[in-house]
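**Student:** Numbering (full-length UniProt numbering), first residue to last: 1 to 729. Cβ atoms here follow ideal geometry from the backbone N, Cα and C, with glycine treated the same way.
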């Protein structure tokens with residue numbers, strides 16, 4: 001009995017240990033997300049799971065158990081209808097930190113996906129969500145396809161592309177996610193079906209926005225089929241409602257009503273008053289279209305009652321619109337007017353929310369584009385660094401090959417030395433044996449000693465000669481091989497040097513080719529601007545001159561006073577147009593810029609502006625040296641653009657163009673005393689052209705401005721020691 005009791009206690013402890021090391025966490029039931037008591041029990045279960053895992057010893061399996069508990073709590077708070085605070089973000093962040101400490105990339109990606117959902121769905125912070133997606137994508141790329149959450153990264157990227165209205169990329173991301181989902185074995189079969197149905201629905205949404213209605217309908221029907229293969233009633237209801245909405249918006253109420261009625265049965269099973277009210281409002285609109293007015297009024301009033309009690313603006317809008325149409329069809333004008341007023345009131349409230357959301361979406365879109373541009377820039381930098389690494393690796397490989405050849409030569413020389421030493425030892429050994437044998441025979445054969453000694457001496461002399469000949473031949477062979485090895489080493493060094501010279505020559509040729517391309521581009525631009533200037537002056541100028549001559553041929557004294565005024569106005573406008581054509585044709589490619597340089601061209605420009613405009617322009621070019629044609633052309637074009645902006649927008653009375661030269665740079669300053677501008681709003685086409693021109697001459701610029709403080713542009717160019725000195729004033 002005692003031994004039986006011991007065994008019972010032992011098995012009970014083993015069972016307790018197994019229960020502690022392998023706690024079970026059930027999948028949350030999405031249909032019960034509104035049940036506060038049920039969701040609270042899931043939270044308690046997850047917290048108990050973490051406490052149990054923390055008491056276990058540190059092993060890979062127990063660490064994974066603790067990470068799974070953190071993930072489970074983050075998922076529970078993610079699915080909660082009204083979560084307490086930011087609990088989902090808290091557990092997701094904690095999961096990422098713990099997984100990073102344990103070097104577990106899989107759970108780190110899972111935590112990042114939960115963080116991404118929080119920022120994208122709860123906070124509408126799309127730039128932050130995009131950064132998290134990029135980080136998760138890099139980690140998920142190194143995981144096996146059977147466990148990688150890369151499908152979720154692609155699904156999230158599809159949602160972001162939809163927000164950016166980039167529908168082709170959104171479709172590509174959704175279809176990639178749909179291909180990856182069946183390969184993932186960590187997702188349960190039911191959840192895999194639900195996720196695939198969600199992706200298919202998103203693809204249908206994209207097709208509908210692209211007005212591909214047949215393709216969208218096929219996707220919605222496929223999503224409904226996938227949802228009906230699961231036990232999630234809420235997802236089946238959403239699929240029915242989506243198909244009903246599709247037919248309702250296409251004005252096909254007969255097809256929409258059966259789907260709405262199925263959804264209504266589902267909401268009744270889930271005991272969701274808000275869900276039933278949303279379907280009632282949709283059914284009311286359908287019955288109005290098929291002229292069943294009493295049923296439409298009944299459904300509409302029931303939906304309106306629930307919407308007012310639940311303070312649901314969206315359902316109130318649908319219900320009031322349906323009741324307005326129903327009361328009008330029934331001849332109840334006063335009630336129809338009341339519903340119309342309520343519809344407009346709710347619509348205004350929703351429109352305010354929509355405008356706020358659209359403003360936030362525009363801000364997010366701009367921020368996302370900045371994040372994507374930064375990521376593309378980093379990718380280019382990484383590619384350049386990879387090319388440098390490959391080039392260095394090639395050089396290192398050549399050096400290693402040379403070293404290997406040198407070591408192989410030394411090894412061959414050592415082998416030859418060892419062979420010579422072996423032959424010498426063998427010869428010494430053989431000679432020793434012969435000497436010993438001679439001594440023995442001399443002791444036993446005294447009489448034959450002299451004859452035998454002569455024989456041995458002759459034999460020894462012959463062997464010595466043979467040995468010397470062999471040694472001499474081996475020495476010559478070794479010397480010849482050593483010379484060959486040294487020649488190979490010198491040839492390898494010459495090849496490395498030749499390769500280095502070839503690479504340097506190729507780089508010089510590439511730089512020379514770039515300079516030729518830049519000069520050819522400048523010549524082409526110069527020729528094109530000259531051609532345009534000539535066309536403006538010859539064609540349009542000649543036409544304006546002909547118009548002016550034709551007008552001058554008229555006799556204004558024979559015209560009424562009103563027509564005389566019109567005649568004078570036409571003459572004035574023709575004169576102004578002719579002057580404007582001459583001004584444009586000259587500024588497209590002034591002769592001073594090509595022949596005398598930037599300084600003379602700017603002097604002529606300032607003189608023209610001061611003779612015909614109310615703004616006083618001043619030029620300080622005492623420190624302006626003569627620059628290359630490309631730089632002078634781009635600086636002149638920038639001055640033209642800025643002077644035009646000052647005349648049109650600045651409301652200034654004075655403007656300055658100043659050049660300052662320093663040891664390593666040249667500054668061009670253009671400033672005015674006008675109304676100023678916000679540098680953050682500097683995103684027009686003119687400023688983008690200025691940025692492109694500064695990039696072409698490897699310069700940069702700064703904008704300093706404020707309200708009623710004027711605007712100052714500072715352009716900074718690098719200088720060289722051989723630059724021409726400034727021209728005299």
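Select from 488, 558, 456 and 424 the residue whose C-alpha is nearest the C-alpha of residue 436.
**Tutor:** On the chain shown, residue 436 is found 436 positions in, with the first residue counted as 1. Ranking the options by Cα distance to residue 436, first place goes to 456.
**Student:** Within the continuous alpha helix (DSSP H) that includes residue 259, where are the two ends?
**Tutor:** As a first step, residue 259 must be located in the chain shown, where it is residue number 259. Looking at the DSSP string, the run of the alpha helix (DSSP H) that includes residue 259 is 253-270.
**Student:** Hey, would you say the C-beta of residue 297 is under 7 angstroms away from at least one heavy atom of the ligand GDP?
**Tutor:** By its list of ligands, the structure shown contains no ligand whatsoever, and the ligand GDP lies outside what it can speak to.
**Student:** Suppose the cutoff is 8 angstroms on Cβ atoms and the five residues either side in sequence are ignored; what does the same chain contact list for residue 175 look like?
**Tutor:** Stepping through the chain shown from its first residue, residue 175 is reached at position 175. Taken in chain order, the residues that qualify are 203.
**Student:** In whole angstroms, what is the alpha-carbon distance linking residue 268 and residue 276?
**Tutor:** The sequence position of residue 268 within the chain shown is 268, counting from 1. The sequence position of residue 276 within the chain shown is 276, counting from 1. Answer to the nearest angstrom: the Cα atoms are 7 angstroms apart.
**Student:** If we count Cβ pairs, one from each stretch, closer than 8 angstroms, do we get three or more for the stretch 280-296 versus the stretch 255-262?
**Tutor:** Verdict: yes, contact present.
**Student:** Start and end of the alpha helix (DSSP H) containing residue 634?
**Tutor:** Stepping through the chain shown from its first residue, residue 634 is reached at position 634. Start and end: 629-645.
**Student:** Sort 73, 398, 547 and 192 by Cα distance to residue 489 and report the nearest one.
**Tutor:** As a position in the chain shown, residue 489 is number 489, starting the count at 1. That would be 398, whose Cα lies nearest to the Cα of residue 489.
**Student:** Count the CB pairs spanning the stretch 407-422 and the stretch 494-503 that are closer than 8 angstroms, and state whether there are at least three.
**Tutor:** Counting Cβ pairs under 8 angstroms, fewer than three are found: no touch.
**Student:** Check this for me: beta carbons of residue 197 and residue 223, under 8 angstroms apart or not?
**Tutor:** Within the chain shown, numbered from 1, the residue matching residue 197 stands at position 197. Within the chain shown, numbered from 1, the residue matching residue 223 stands at position 223. Contact: yes.
**Student:** What residue does the beta strand (DSSP E) around residue 730 start on, and which one ends it?
**Tutor:** This structure leaves residue 730 out entirely; the chain is present only between 1 and 729.
**Student:** Go through the stretch 296-324 residue by residue and report every complete run of the beta strand (DSSP E) that reaches 3 residues or more, in order.
**Tutor:** Whole beta strand (DSSP E) segments, 3+ residues: zero.
**Student:** Taking DSSP as the reference, what is the three-state secondary structure of residue 610?
**Tutor:** Position 610 of the chain shown, counted from the start, is the residue given in the question as residue 610. Three-state result, residue 610: helix.
**Student:** Roughly how many angstroms separate the alpha carbons of residue 261 and residue 138, rounded to a whole number?
**Tutor:** By 1-based counting over the chain shown, the position of residue 261 is 261. By 1-based counting over the chain shown, the position of residue 138 is 138. For residue 261 and residue 138, the distance between alpha carbons rounds to 46 angstroms.
**Student:** Any contact between the stretch 93-101 and the stretch 66-73? By contact I mean 3 or more CB pairs, one from each, below 8 angstroms.
**Tutor:** Contact between the stretch 93-101 and the stretch 66-73 is present, because at least three Cβ pairs lie under 8 angstroms.
**Student:** Expressed to the nearest angstrom, what Euclidean distance is found between the alpha-carbon atoms of residue 111 and residue 93?
**Tutor:** Counting from 1 along the chain shown, the entry for residue 111 is found at position 111. Counting from 1 along the chain shown, the entry for residue 93 is found at position 93. Going by the C-alpha atoms only, they are around 7 angstroms apart.
**Student:** DSSP state of residue 280, grouped into three classes?
**Tutor:** Position 280 of the chain shown holds residue 280. Note: residue 280 maps to helix in three-state DSSP.
**Student:** Taking the C-alpha atoms as reference points, what is the distance between residue 705 and residue 688?
**Tutor:** As a working note, residue 705 is residue 705 in the chain shown. As a working note, residue 688 is residue 688 in the chain shown. Distance between the alpha carbons of residue 705 and residue 688: 18 angstroms.
**Student:** On the criterion of 16 or more Cβ atoms from any shown chain inside 10 Å, does residue 251 qualify as buried, or is it exposed?
**Tutor:** The residue you call residue 251 lines up with position 251 of the chain shown. Exposed: under 16 other Cβ atoms inside 10 Å.
**Student:** Residue 89 to residue 708, Cα distance in whole Å?
**Tutor:** Here the question's residue 89 lines up with position 89 in the chain shown. Here the question's residue 708 lines up with position 708 in the chain shown. Spanning the two alpha carbons is a distance of roughly 45 angstroms.
**Student:** Does residue 678 pass the burial test, meaning 16 or more other C-beta atoms within 10 Å, or should it be called exposed?
**Tutor:** Within the chain shown, residue 678 is the residue found at index 678, counting from 1. Exposed, because fewer than 16 other Cβ atoms sit within 10 Å of the Cβ of residue 678.
**Student:** For residue 477 and residue 391, I'd like the C-alpha separation in whole angstroms.
**Tutor:** The residue you call residue 477 lines up with position 477 of the chain shown. The residue you call residue 391 lines up with position 391 of the chain shown. Near 40 angstroms, if we compare the C-alpha coordinates of residue 391 and residue 477.
**Student:** Relative to the C-alpha of residue 666, which candidate in 648, 643 and 719 has its C-alpha closest?
**Tutor:** The residue labelled residue 666 in the question sits at position 666 within the chain shown. If we check each option's Cα against that of residue 666, 719 comes out closest.
**Student:** Spatial neighbours of residue 145 within its chain, please: C-beta separation below 6 angstroms, excluding the five flanking residues on both sides.
**Tutor:** Locating residue 145 in the chain shown gives position 145, counting from the first residue. 183.
**Student:** Compute the beta-carbon to beta-carbon distance between residue 279 and residue 264, rounded to the nearest angstrom, for a pair I have assumed lies under 8 angstroms.
**Tutor:** To locate residue 279, count along the chain shown from 1; it is residue 279. To locate residue 264, count along the chain shown from 1; it is residue 264. Right, the Cβ-Cβ distance comes to about 5 angstroms (below 8 angstroms), so this counts as a contact.
**Student:** Just list the alpha helix (DSSP H) runs in the UniProt repeat "TPR" (197-230), keeping only unbroken ones of 4 residues or longer that don't cross its boundaries, in chain order.
**Tutor:** For the UniProt repeat "TPR" (197-230), whole alpha helix (DSSP H) runs of length 4 or above, ordered along the chain, are 213-228.
**Student:** Would you list, in sequence order, the uninterrupted alpha helix (DSSP H) runs of no fewer than 4 residues that lie entirely inside the stretch 36-116?
**Tutor:** Listed in chain order, they are 36-54, 60-79 and 87-101.
**Student:** Just list the residues that DSSP pairs residue 655 with in beta bridges.
**Tutor:** As a first step, residue 655 is located in the chain shown; it is residue number 655 there, counting from the start. Residue 655 pairs with 617 and 672.
**Student:** So, for residue 169: in the same chain, excluding its five sequence neighbours on each side, which residues have a beta-carbon less than 6 angstroms away from its beta-carbon?
**Tutor:** Here the question's residue 169 lines up with position 169 in the chain shown. The answer, listed in chain order, is 161.
**Student:** So, residue 622 versus residue 671, is the Cβ gap smaller than 8 angstroms?
**Tutor:** The residue given as residue 622 occupies position 622 in the chain shown. The residue given as residue 671 occupies position 671 in the chain shown. Taking 8 angstroms as the Cβ cut-off, residue 622 and residue 671 do not qualify as a contacting pair.
**Student:** Between the alpha carbons of residue 483 and residue 409, how many angstroms are there, rounded?
**Tutor:** Indexing the chain shown from 1 puts residue 483 at position 483. Indexing the chain shown from 1 puts residue 409 at position 409. Cα to Cα, residue 483 sits roughly 11 angstroms from residue 409.
**Student:** Cutting at 6 angstroms between CB atoms, please list the residues of its own chain near residue 617, excluding the five before and the five after it.
**Tutor:** As a working note, residue 617 is residue 617 in the chain shown. Result list for residue 617: 606, 609, 610 and 655, in chain order.
**Student:** Three or more beta-carbon pairs under 8 angstroms between the stretch 204-214 and the stretch 183-192, yes or no?
**Tutor:** Segments in contact, no.
**Student:** Mind reading off the beta-carbon distance from residue 627 to residue 598? Whole number of angstroms is fine, and I expect it under 8 angstroms.
**Tutor:** The residue given as residue 627 occupies position 627 in the chain shown. The residue given as residue 598 occupies position 598 in the chain shown. That belief holds up - the Cβ atoms of residue 627 and residue 598 are roughly 6 angstroms apart, short of 8 angstroms.
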